[in-house]
Amino acid sequence: MQWSCTGTEELAEWLPGLTVLASHTLSCVPRPMYDALPASHQEMLAALSEQQQLLQVEEYGLYLVRQPGAPG
Numbered sequence: 063m064q065w066s067c068t069g070t071e072e073l074a075e076w077l078p079g080l081t082v083l084a085s086h087t088l089s090c091v092p093r094p095m096y097d098a099l100p101a102s103h104q105e106m107l108a109a110l111s112e113q114q115q116l117l118q119v120e121e122y123g124l125y126l127v128r129q130p131g132a133p134g
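In this note's numbering, the protein residues as written are 63 to 134.
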């Protein structure tokens with residue numbers, strides 16, 4: 063499966079009523095999330111954050127969303 067989206071606005075088009083709660087890139091994962099990851103994932107993210115000049119690192123979005131009708 064291959065798919066992509068250009069940002070949070072496009073997510074809202076896919077599912078009307080979707081609420082974006084947070085948006086990050088691979089080089090800027092929130093500390094509590096980073097700390098909860100296995101060591102191998104932390105190492106991968108640390109290596110990626112050193113390569114911020116690569117578009118793939120900065121353009122890969124991590125979005126926390128709430129679907130319509132979900133408890134809030």
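Built from N, CA and C at the ideal position, the CB exists for glycine as well.
Exercise. L126: buried (16+ other C-beta within 10 angstroms of its C-beta) or exposed?
Worked result: exposed
Problem set entry | Residues of its chain near L80, where Cβ-Cβ distance is below 8 Å and the 5 sequence neighbours each way are ignored | L73, A74, V127, R128, Q129, P130
Problem set entry | CA nearest to the CA of L88, picked from A132, P78, Q113, G69 | Closest option to L88, Cα to Cα, is Q113.
For this session: Counting only the same chain and skipping the five closest in sequence on each side, list residues whose C-beta sits under 8 Å from that of G123.
Result: C67, G69, T70, S85, H86, T87
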